[in-house]
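Going letter by letter, the sequence shown gives residues 190 to 435 in my numbering.
For each residue, glycine too, the CB sits at the ideal point set by N, CA and C.
Shown next, in structure tokens, is the structure this report addresses.
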Amino acid sequence: MERVRIQKLPVDRVEIGEAVDIVDKAARTHAGCSRIYFLNAHCANVAWKRPEYRAALERADLVFADGSGVAAAARIQRIGKVPNVNGTDLFPLLMDRFGKTGSSVFFLGAKREVVEALAAKVGEKWPAVKIAGFRSGFFSDPAVATREVRDSGADVLFVGMGVPRQELWIDAWARESGVAAVLAVGGLFDFYSDRMPRAPLWMRSVGIEWVFRLAMEPARMWRRYLLGNIIFLTRSIWMGRSGGRA
């Protein structure tokens, strides 16, 4: 595994199968708390505005490349291929693995009805997975949420509270939660609770899932995907020309 820099932000060059093995090993060994994040174009734009989020990325144990924008930036900066390991593709592979190994999971994030639906869907599709608990991501006291996760005895925690709130919570509280691995998964709960449909496989295969999401929620997503992608790629081109690789 090699750590590279995309727009001076850390990204680990990991294939998706290797990512499953890493998370699975962490869950089974409980050798500390592995903080695992995903970096896409939107995340990078936020990191350049929010130094506390950027610092959390630097302290992460793993940062997976998420989406075609990061892959394009890697090519522009001439650092070679960076595999796409996004949360929505990684999640079912992890559920398959945990169903075999017995590792338990906790879901923290989204509205109550969404996370409840997620837990129900996981129970239906992966009945062998042990769901230690779930909780809405809307809370006033992070210590209470942390204690609930710890009391559940979960091995792996999925946090879906949006960037950068989820990473900042993980950075501050995850090691007190007692879990072996924690993943910041953004809007994943919406997809796997069936609240939001995923793009067709062919769109995901060619790296344009963002077009589908923009079509589904244009009023909410146009800044992120239209303006945000332009800003991200412009910064990549500038850094590529100026040698800003580290």
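In the pairwise beta carbon analysis, the segment 353 to 364 is classified as not touching the segment 271 to 291: fewer than three pairs are separated by under 8 Å. Residue state for residue 195 is assigned as strand, using DSSP reduced to three classes. Residue state for residue 299 is assigned as coil, using DSSP reduced to three classes. The residues 253, 274, 279, in chain order, have a CB closer than 7 Å to that of residue 208 in the same chain once the five nearest residues on each side in sequence are set aside. Between residue 230 and residue 256 the beta-carbon gap is near 7 Å, inside 8 Å, which marks them as a contact. Uninterrupted beta strand (DSSP E) stretches at least 3 residues long and entirely within the segment 284 to 364 occur at 293 to 298, 319 to 324, 345 to 349, given in chain order. Boundaries of the beta strand (DSSP E) harbouring residue 226: 223 to 228, taken from the DSSP string.
Contact fails between the segment 318 to 338 and the segment 235 to 250, because fewer than three Cβ pairs, one in each stretch, are under 8 Å apart. Taken through DSSP and simplified to helix, strand or coil, residue 249 comes out as coil. Residue 278 carries a helical assignment under DSSP once its states are collapsed to helix, strand and coil. With the rule of 3 Cβ pairs closer than 8 Å, the segment 383 to 393 does not count as touching the segment 199 to 215.
Cα atoms of residue 258 and residue 328: separation of roughly 33 Å, rounded to the nearest angstrom.
With distances taken between CA atoms, residue 332 lies nearest to 365 out of 376, 317, 365.
Judged by beta-carbon spacing, residue 375 lies beyond the 7 Å limit of residue 299, meaning their Cβ atoms are not closer than that value. Residue 202 is bridged by DSSP to 191.
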